[in-house]
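First comes the structure, then the notes that go with it.
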Amino acid sequence: MSEPSDTDAVISVEDLAKTYRTPFRRRRVEALRGVTFQVRRGETFGFLGPNGAGKTTTIRVLMGLIGATAGTARILGQPVPSRAARQRLGFLPEQPYFYDYLTVPELLDLAGRLFGLPAAERRKRADALIEKVGLARARTQPLKKFSKGMLQRAGLAQALINDPDLVVFDEPMSGLDPIGRKEVRDLIHELRDAGKTVFFSSHILSDVESVSDRVAIVMRGKIEAVGSPRELAGRTLLGVDVTLRIADPRGAAAEEIAARGDRVRRGDQELSFTLAADADVDEVLAFARERGAKVVAVSPRHDTLEDLFMSRALASDGGRAAGAEVQDGGHLR
Amino acid sequence: MTGVAGIWGRLWAIALNTFREAARIRVLYGVLVLVFGANAFAIVLGEMSIHEQARVARDVGLAGISLFGSLTAIFLGVALLYAEVQKRTVHAIVSKPIERWEFVLGKYLGIATTLTVLVALFTVAMVLLLLYQGVTVSGAVGKAVVLAWMEVLTVAAIAVFFSSFSTPFLSGIFALGLFVIGRVTPDMKAALGSEEASATIKGVLSVVLEVVPDLHLFAISGRTLDGQHVTVHGDFVSWGYVATASGYGLLWIAGLLALAMVIFQRRDFA
Ligand SMILES: Nc1ncnc2c1ncn2[C@@H]1O[C@H](COP(=O)(O)OP(=O)(O)O)[C@@H](O)[C@H]1O
Ligand SMILES: [Mg+2]
Chain A
467 MSEPSDTDAV ISVEDLAKTY RTPFRRRRVE ALRGVTFQVR RGETFGFLGP NGAGKTTTIR
527 VLMGLIGATA GTARILGQPV PSRAARQRLG FLPEQPYFYD YLTVPELLDL AGRLFGLPAA
587 ERRKRADALI EKVGLARART QPLKKFSKGM LQRAGLAQAL INDPDLVVFD EPMSGLDPIG
647 RKEVRDLIHE LRDAGKTVFF SSHILSDVES VSDRVAIVMR GKIEAVGSPR ELAGRTLLGV
707 DVTLRIADPR GAAAEEIAAR GDRVRRGDQE LSFTLAADAD VDEVLAFARE RGAKVVAVSP
767 RHDTLEDLFM SRALASDGGR AAGAEVQDGG HLR
Chain B
2 MTGVAGIWGR LWAIALNTFR EAARIRVLYG VLVLVFGANA FAIVLGEMSI HEQARVARDV
62 GLAGISLFGS LTAIFLGVAL LYAEVQKRTV HAIVSKPIER WEFVLGKYLG IATTLTVLVA
122 LFTVAMVLLL LYQGVTVSGA VGKAVVLAWM EVLTVAAIAV FFSSFSTPFL SGIFALGLFV
182 IGRVTPDMKA ALGSEEASAT IKGVLSVVLE VVPDLHLFAI SGRTLDGQHV TVHGDFVSWG
242 YVATASGYGL LWIAGLLALA MVIFQRRDFA
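Sequence order for the protein chains is A and B.
Throughout the first sequence, residue numbering follows our numbering, covering 467 to 799 in sequence.
Throughout the second sequence, residue numbering follows our numbering, covering 2 to 271 in sequence.
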């Protein structure tokens with residue numbers, strides 16, 4: 467198989483468009499409207515966007531499940547759909563549904579057969595993967611008895627049976643409890659350390675932010691921003707958080723100090739506030755010390771990826787605003 | 002893995018899984034019980050001469066194979082391929098290094114294997130009954146079973162073809178329609194030759210005759226072939242006829258599956 471020499475792109479998507487038509491052609495949904503991005507060899511790439519943004523649609527085009535209306539998509543150097551590329555690919559579909567009458571070993575055996583693995587190898591890899599995803603105690607149960615989280619684990623195991631170079635996970639953390647989410651994050655780190663390219667989607671910012679080398683933010687069928695979480699966020703200083711220890715945080719002296727900033731919080735012998743980005747921090751701290759306060763902490767407040775995500779979400783849609791569906795912690799529904 | 006071994010490995014993987022899935026469908030066991038029951042009932046219809054009993058046993062047994070076999074073929078054919086798309090189990094499969102045509106063919110082979118096991122069990126029931134009655138099982142019965150088996154496999158291909166683009170309900174209706182029409186093609190040909198039929202009816206009939214498989218070729222007992230009455234109870238068709246009819250069935254199966262593969266290739270799995 468020939469590798470592209472000019473680029474190390476493992477996934478390359480250019481101007482991808484997809485318009486869904488309902489059977490009677492009355493309704494058209496422009497799910498993708500010119501999506502362009504590249505995923506480099508060995509990186510972990512987070513595909514972040516609110517529900518309905520077009521993440522699953524992009525992934526289905528990449529997996530050869532649906533045809534694009536326009537544009538090109540290549541994986542592992544081959545235009546999709548390519549059987550050769552799929553040989554080196556692992557895929558976890560969104561809300562995976564497998565044959566529910568199979569047990570995990572049977573599911574993995576079927577997957578292994580499709581990759582042409584010999585029987586002994588299939589058994590060896592299946593055993594190792596079942597152990598790895600923590601399903602050893604559920605070996606003999608049919609999948610229909612599995613919880614959402616167990617199914618997700620089974621899905622991850624079947625995606626890794628061929629020891630793929632590229633893994634594509636559609637919402638791998640969805641439906642999992644906090645421990646499950648952490649385990650998926652750990653698995654992604656582990657795959658990355660093993661030199662694999664990881665492409666995964668999520669509508670939850672914190673899940674993407676912590677594991678991705680680079681992130682693409684997709685909204686309403688378009689890429690809004692691509693870059694490392696640090697590049698995307700933290701470019702502007704929003705203000706400076708100051709925390710002081712003071713005998714009476716509600717006394718006259720404290721009032722005078724607090725008046726220099728805003729977002730004032732008072733604790734037990736503690737006073738915190740935020741100074742404007744252009745404030746003279748030295749002068750304010752000297753002013754505070756003169757009034758008997760001790761400086762506990764001073765920290766710059768930067769734009770976070772969450773701030774960026776929220777502002778884009780709000781800006782990109784006036785009507786069915788994705789931002790309107792935002793819940794605390796950047797969880798979008 | 003490429004090459005014939007690779008293709009065969011993938012077909013076998015899908016076929017085996019489809020057989021497993023079918024083996025879990027309770028209705029199939031109901032059909033088995035029904036056909037066994039019908040055979041047993043033929044014994045209870047006593048008060049007949051041995052000769053008549055044997056006739057009834059053969060008729061009931063063969064009708065069970067071709068009728069219940071075909072109905073089961075329609076049921077499995079319309080349900081199993083569609084369910085893969087509907088339940089999205091197909092997503093984790095066709096994103097692996099298997100071609101879609103291999104998936105369709107593997108699916109059909111699994112259904113065909115299931116039906117073959119069913120036909121074999123129906124046949125065992127019939128043969129046991131004939132032996133119980135002390136009737137020797139003639140070569141004619143063997144030929145009739147092979148013909149019925151080919152018919153069942155052809156009907157399965159019809160059902161799979163429709164389900165490659167349509168819902169189980171519609172596919173079922175289409176497949177059942179073709180099954181019924183395919184059984185009465187000689188009567189349609191006769192109507193075409195009659196004076197009474199209008200020109201419109203004749204036009205429709207001649208088009209239908211062009212596109213419908215002649216399933217009556219597989220249920221030839223009791224009909225007239227080349228001016229001679231053939232019956233499984235007496236003078237029946239030759240093995241040459243069985244081979245020709247089977248070839249005809251295989252051509253239909255190949256054509257229908259090829260169309261199903263082309264349609265499936267172009268579908269969006271969303
Ligand atoms: N099969 C389909 N038919 C019609 N519209 C669809 C279909 N699948 C998705 N859509 C629409 O396309 C848009 C993008 O959906 P999707 O790619 O699933 O988003 P995401 O995965 O980011 O949540 C949504 O508006 C969704 O309603
Ligand atoms: Mg999605």
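From the three backbone atoms N, C-alpha and C, an ideal C-beta is built for every residue, glycine too.
Practice item. Using a Cβ-Cβ cut-off of less than 8 Å, list which residues of the stretch 98-125 of chain B approach chain A; keep chain order. Key: Pro98, Ile99 and Glu100
Check your understanding: Taking only beta-carbon atoms, is glycine 641(A) less than 8 Å away from chain B?
Key -> no
Practice item. Can you check the stretch 522-597 of chain A for any beta strand (DSSP E) of at least 3 residues that lies completely inside it and give the ranges in chain order? Key: 536-541 and 555-558
Point to revise | leucine 558(A) versus valine 570(A): straight-line alpha-carbon distance, rounded | key: 15 Å
Practice item. Count the other CB atoms, across all protein chains shown, that sit within 10 Å of the CB of asparagine 517(A); report buried if there are 16 or more and exposed otherwise. Key: exposed
Check your understanding: How about isoleucine 112(B) and phenylalanine 104(B): do their beta carbons lie closer than 8 Å?
Key -> no
Point to revise | Cβ-based neighbour list, phenylalanine 635(A), same chain, cut-off 6 Å, excluding 5 preceding and 5 following | key: Leu558 and Phe666
Review point. Is it a yes or a no for the stretch 527-547 of chain A touching the stretch 579-598 of chain A, going by three-plus beta-carbon pairs under 8 Å?
Key: no
Review point. Can you name the residues that DSSP bridges to histidine 768(A)?
Key: Leu703(A)
**Study point:** leucine 226(B) to arginine 11(B) span [Cα, whole Å]
**Key:** 42 Å
**Study point:** One or two residues paired with threonine 663(A) in a DSSP bridge
**Key:** Leu632(A)
**Study point:** Check whether alanine 532(A) and phenylalanine 265(B) have beta carbons under 8 Å apart
**Key:** It is worth fixing the name first, because residue 532(A) is isoleucine in this sequence and not alanine. Their beta carbons are not under 8 Å apart, which means isoleucine 532(A) does not touch phenylalanine 265(B) by this criterion.
Check your understanding: What's the call for alanine 534(A), buried or exposed, on a 16-neighbour Cβ count within 10 Å?
Key -> buried
Exercise for review: Give a single yes or no on whether glycine 518(A) has its beta carbon closer than 7 Å to a heavy atom of ligand 1.
Suggested key: yes
Point to revise | chain B within 8 Å of serine 468(A), Cβ atoms only | key: For serine 468(A), the predicted model reports a pLDDT of 46, less than 50, meaning its position is unreliable; a value from the coordinates is still stated below. Serine 468(A) does not count as touching chain B.
Exercise for review: Please list the partners that serine 172(B) has in chain A, where partner means a Cβ-to-Cβ separation under 9 Å.
Suggested key: Simply none; closest approach about 15 Å.
Practice item. Kindly indicate which three-state DSSP category arginine 11(B) falls into: helix, strand or coil? Key: helix
Point to revise | Heavy atom of ligand 1 within 7 Å of tyrosine 486(A) beta-carbon | key: yes
Review point. Whose C-beta lies closer than 7 Å to the C-beta of glutamine 735(A) among residues of the same chain, with five residues either side of it excluded?
Key: Arg711, Ile712, Ala713 and Pro715
Review point. Among residues of its own chain, excluding the 5 on either side of glutamate 560(A), which ones have a beta-carbon nearer than 6 Å to its beta-carbon?
Key: Thr522, Asp636 and Glu637
Review point. Run through DSSP, which three-state label would glutamine 735(A) get?
Key: coil
Exercise for review: State yes or no: is the C-beta of valine 495(A) nearer than 7 Å to some heavy atom of ligand 1?
Suggested key: yes
**Study point:** Listed by chain order, chain C residues near alanine 577(A) by CB distance under 7 Å
**Key:** Structure shown: chain C not included; protein chains present are A and B.
Review point. If contact means a Cβ-Cβ distance below 8 Å, which residues of the stretch 529-556 of chain A contact chain B?
Key: Met529, Gly530, Leu531, Ile532, Gly533, Arg549, Ala550, Arg552, Gln553 and Leu555
Check your understanding: For asparagine 628(A), which of Leu576(A), Ala682(A), Arg658(A) and Ser640(A) has the nearest alpha-carbon?
Key -> Leu576(A)
Review point. So what does DSSP say about alanine 519(A), is it helix, strand or coil?
Key: coil
Review point. In the stretch 164-191 of chain B, which residues sit with their C-beta less than 9 Å from some C-beta in chain A, listed in chain order?
Key: none
**Study point:** heavy atom of ligand 1 below 7 Å from threonine 168(B) C-beta
**Key:** no
**Study point:** Beta-carbon proximity list for glycine 784(A), same chain, < 8 Å, skipping 5 on both sides
**Key:** Caution applies to glycine 784(A), whose pLDDT of 42 falls short of 50 and renders its modelled position unreliable; the model cannot decide the point.
Review point. Of all Cβ atoms in chain B, is any one closer than 8 Å to the Cβ of phenylalanine 635(A)?
Key: no
Check your understanding: Straight-line CA distance for serine 167(B) to aspartate 679(A)?
Key -> 44 Å
Review point. Would you report the Cα separation of aspartate 188(B) and glutamate 197(B), rounded to the nearest angstrom?
Key: 14 Å
Check your understanding: Do threonine 524(A) and ligand 2 come close, with the Cβ less than 7 Å from some heavy atom?
Key -> no
Check your understanding: Anyone know if the C-beta pair for proline 31(B) and alanine 176(B) falls short of 8 Å?
Key -> The sequence shown places glycine at residue 31(B), not proline. Not in contact: glycine 31(B) and alanine 176(B) (Cβ atoms no closer than 8 Å).
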